[in-house]
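Residue numbers (this note's numbering): 130 to 326. Cβ atoms here follow ideal geometry from the backbone N, Cα and C, with glycine treated the same way. Quick caveat: nothing in here was measured; it's all calculated off a predicted structure.
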Amino acid sequence: MFLKELQNFIQIFSQLPGIGEKSARRIAFYLLKLPKEDILKFSDTIYELTKIQFCSVCGNFSSGSICEICSNPERNHELLCIVEYPSDIYVIESTKEFKGTYHVLMGALSPIDGIGPENLRINELEQRLKSGTIHECFIATNPTLEGDATADYLVKKFSYLPIVFTRLMHGITTGSTLEFADKYSLTLSIKNRIRIA
Ligand SMILES: [Zn+2]
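Right, here's the structure in full:
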């Protein structure tokens, strides 16, 4: 029988992606071999994560109210890339191919899961698109059923605006997510994005 402290640790850590109960137990035993100050470094870095907020413009992770990408004058503010989650920004940035700015929807349309347009950051997107600064909207939602449906929805909804819509098309397997795309394919896919409206 494990101590209550150990049981709590295992229960919490086994909720992390890719970490089952067995791994959580191994982590706990590993940490218990460390000096107390080294264990605290882990809890301190987790605490620091709680200070991260969402950029008030694009929805990216940010240490201030506006993220580094939105506040960077070197970025192309006429080109907007729409993604499902902030983590997708990190994937696209890793290719160094995209120089525009971003808009995070915080998900994709999924009627089965009860996620409609009102649950996504679409009103915020509309405000940005209506401002007149953005000339191209590059929709980089995942090439899944939900991601494609979201892209279709956005193109139809904003067809009244004089904006070119492009989409990630080639190089990424349908049904897969950006997270699992290899960097080379993703770079090509961004470079050869296709106009859809
Ligand atoms: Zn931002």
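Give the DSSP-derived three-state secondary structure of N205 in the structure shown. strand
Same chain, Cβ closer than 6 Å to G276, five either side skipped, listed in chain order: A237, T270
I'd like to know if the stretch 190-201 and the stretch 254-273 are in contact, where contact means that at least 3 CB-CB pairs between them fall below 8 Å. no
My understanding is that A280 touches I268, with C-beta atoms under 8 Å, so please give their C-beta distance in whole angstroms. 4 Å
Using 8 Å as the threshold, is the stretch 220-227 in touch with the stretch 174-181, meaning 3 or more CB pairs across them? no
On the criterion of 16 or more Cβ atoms from any shown chain inside 10 Å, does V293 qualify as buried, or is it exposed? exposed
Minimum C-alpha distance to T230 - residue among T303, C187, Q182: C187
Can you tell me whether T295 is helix, strand or coil according to DSSP? strand
When Q144, A310, K320 are compared against K228, the one with the closest alpha-carbon: K320
If you measure from the CB of N201, is any heavy atom of ligand 1 nearer than 7 Å? no
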